[in-house]
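Step one of this worksheet: look at the structure below.
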Amino acid sequence: MKIHQLRAFLAVFDHRSVRGAARALNLTQPAVTQATRELETSLGVPLFQRGVAGVIPTIFGEALEKRARVICFDIERAGSELDQIRDGSKGVVSIAISTAAALDVLPPAFTLFRNSYPHVEVKLNEASIPFSLPRLMSGEIEFMVSQVLPGTLPDWDVSVLYRTSMIAAVRVGHPILESFEGADLGAAEWLLPYDNETGPTILHQLFADSDIQPPSRIVTCTSTAMGLRLVGRSDLIGVFVKTMVATEFSHYGLVELPLQQALAPLEVCVVSRKNAVLTPAAQNFLDCLRYYANRLQG
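Here the UniProt record's numbering is used: position 224 in the sequence shown is 224, and no number is missing along the way.
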């Protein structure tokens, strides 16, 4: 297998046509066809079914796609690492980061990182475990910073960055504020700014040590901004990181609920592929995040 063959294969896989792949790679169609044919010959299996409907990956093509992406991203990252070692003026750092970490530690960490790598291109993506893990696996992002439940990601390298406090909030003028004492909070409808897979589990952990019965009616929302606006315009009770009280609540018209017993804190973790080697710039960015996370925890 050669890298130009894998790139041609991935382009055909993504575009489902040789013409689209050739356009994306700025190559001729015969060159793309030759590269994919050579790859099929070297592997001894057909990677695509070619017909009037276009180019469709075979089961062998589907199996190769994930590995091919990892190889191509790792080769690109190796080149980026050499550039960074040489003069620190080139390369790319791509990470996924949750809203909690973005509010708590990202701004000062980014400023500190820029002191060492002023010209490296930085790509920040909002972390969502179902969407970010495949991008981690392929190498598209180097690491993710997000709330992670202990033991839920056994196939990944997971290390705790810090613990973040969680609070419940409602809109200003919410009926529950008039008779908060004795209110059945468990019967209310709650919103979690998390995905459908992790949201319910996180909710039960939040209420593990609380005297409140975990609610059965849950709205999950992967967009924090959307969740803030929805709670601000409805009778939902929202769960948010405590940092947002000072930074976001006044804008969205929210107030913190005075719970008698605090919700359990959540662990914000760094997630990466097992035994992954970060580029110097990515490692520096992570070190900056850890530095400010340690300061945050006192």
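Glycine included, C-beta positions come from ideal geometry on N, C-alpha and C.
From Glu126 to Gly186, what distance separates their C-alpha atoms?
30 Å
Rounded to whole angstroms, what is the Cα-Cα separation between Ala264 and Ser165?
7 Å
On the DSSP letters alone, give me the boundaries of the alpha helix (DSSP H) that Asp287 sits inside.
280-297
Integer-rounded CB distance, given that Ala281 should sit under 8 Å from Gly91:
6 Å
List the whole-angstrom C-beta distance separating Leu177 from Val170, where the pair is believed to meet the contact cut-off of C-beta under 8 Å.
7 Å
Taking the alpha helix (DSSP H) that Arg50 belongs to, which residues open and close that run?
Run containing Arg50: none in the alpha helix (DSSP H); it sits in the beta strand (DSSP E), 48-51.
With contact counted as at least three CB pairs below 8 Å, one residue from each stretch, are the region 241-256 and the region 110-123 in contact?
no
CA-to-CA distance, Ala293 to Asp235, given in whole angstroms
34 Å
Range of the contiguous beta strand (DSSP E) that encloses Tyr162:
156-164
Can you pull the DSSP bridge partners for Leu266?
Thr164
Taking contact to mean 3 or more Cβ pairs, one atom from each stretch, closer than 8 Å, check whether the region 127-142 and the region 253-262 are in contact.
no
Check the DSSP bridge columns for Pro57 and list the partner residues they point to.
Phe48
What are the start and end residues of the alpha helix (DSSP H) that includes Phe180?
Note, Phe180: premise wrong, no alpha helix (DSSP H); not H, not E.
Where Thr220 and Ile167 are concerned, what is the direct C-alpha to C-alpha distance, given to the nearest angstrom?
16 Å
Mind listing, in chain order, the continuous alpha helix (DSSP H) runs of no fewer than 4 residues lying wholly within the region 100-157?
106-116, 129-138
Pairwise C-alpha distance: Ala109 and Asn115
10 Å
Which term fits Phe131, buried or exposed, when burial requires 16 or more other beta carbons within 10 angstroms of its beta carbon?
exposed
Using only the heavy atoms of the ligand MG, determine whether one of them is closer than 7 Å to the beta carbon of Ser116.
Summarising the ligand content, the structure contains no ligands, and the ligand MG is consequently not present.
Between which two residues does the beta strand (DSSP E) harbouring Arg217 extend?
217-220
Could you tell me the boundaries of the beta strand (DSSP E) in which Leu191 lies?
189-192
Does Arg37 come out as helix, strand or coil in the three-state DSSP assignment?
helix
Given this structure, state the Cα-to-Cα distance separating Gln297 from Asp104, to the nearest angstrom.
11 Å
Identify the residues that DSSP records as bridge partners of Glu94: which are they?
The question names Glu, but residue 94 is Ser in the sequence shown. Paired residue(s): Lys123.
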